[in-house]
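The opening position of the sequence shown corresponds to residue 103 in our numbering, with each subsequent residue numbered one higher.
Yeah, the Cβ is synthetic: ideal placement off N, Cα and C, and Gly gets one too.
Since the structure is predicted, the reported quantities are computational estimates derived from the model, not experimental observations.
Worksheet for the structure shown next.
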Amino acid sequence: MKTSYKLGLSFGSVSGVISTLGLMVGLESGTQSKMAVIGGIIMIAIADSFSDALSMHVSEESQRDKKQDFIWQVTIATFISKIAIAFSFIIPFLFFEVTSAIIFNIIWGLTLVALINYYVAKSRMSRPWGLIIEHLLIAICVIIITYLTGMLVRDYLISL
Numbered sequence: 103m104k105t106s107y108k109l110g111l112s113f114g115s116v117s118g119v120i121s122t123l124g125l126m127v128g129l130e131s132g133t134q135s136k137m138a139v140i141g142g143i144i145m146i147a148i149a150d151s152f153s154d155a156l157s158m159h160v161s162e163e164s165q166r167d168k169k170q171d172f173i174w175q176v177t178i179a180t181f182i183s184k185i186a187i188a189f190s191f192i193i194p195f196l197f198f199e200v201t202s203a204i205i206f207n208i209i210w211g212l213t214l215v216a217l218i219n220y221y222v223a224k225s226r227m228s229r230p231w232g233l234i235i236e237h238l239l240i241a242i243c244v245i246i247i248t249y250l251t252g253m254l255v256r257d258y259l260i261s262l
């Protein structure tokens, strides 16, 4: 696979998992509303995919040695992977109630993070477990922090 596609796919996929899980868990703990969570996923899929793709585009353009076709391949790969991953988190809400869908999505998201990091480590010919554990711990911290933040919003800010 071309380096440009690997760069965009790995960045977009992990970013899609982390940002969508964080938003989804925070919204659920703050609202317990299936509609709010699904709406939030749709919004983050669109807005954050464009944001990350543009950010990756500008980042790559800031390096003088990058060719335009490389830059656009990274941009497009970032956008497509990010939006596809984010939208994949809607599927469990079509079949399960909100708490079960959240649990399913946490397992799905952590599995994706582990698989992506395994692939990245293997492509660099390094041991995957350190990278996998490090990034899973970061993802779990995001889940915990956004869950607690959602609860704080529900308990202290909703009444404003």
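Once you ignore the five residues that flank residue i on each side, which residues in its own chain have a CB closer than 6 Å to its CB?
i	result
Ile242	none
Phe181	Ser151, Ala155
Ala179	Tyr107, Gly110, Leu111
Within 10 Å of its beta-carbon, does residue i have 16 or more other beta-carbons around it, so buried, or fewer, so exposed?
i	result
Met137	exposed
Thr248	buried
Glu162	buried
Ser135	exposed
Ser228	exposed
Lys184	buried
With respect to the alpha helix (DSSP H) encompassing residue i, which residues constitute its N-terminal and C-terminal limits?
i	result
Tyr221	200-225
Gln134	Looking at the DSSP string, Gln134 is not in any alpha helix (DSSP H), and its letter there is neither H nor E.
Met253	230-254
Taking only heavy atoms of the ligand FMN into account, decide whether any of them is closer than 7 Å to the Cβ of residue i.
i	result
Val160	Absence of the ligand FMN from the depicted structure is noted, as is the absence of any ligand whatsoever, leaving it without description.
Spatial neighbours of residue i within its chain, please: C-beta separation below 8 Å, excluding the five flanking residues on both sides.
i	result
Thr201	Glu130
Is it the case that the segment 181-196 contacts the segment 140-151, given that we only count it when at least three CB pairs across the two stretches are under 8 Å? yes
Could you check whether the segment 165-180 touches the segment 215-223, counting it as contact only if at least three pairs of C-beta atoms, one from each stretch, sit closer than 8 Å? no
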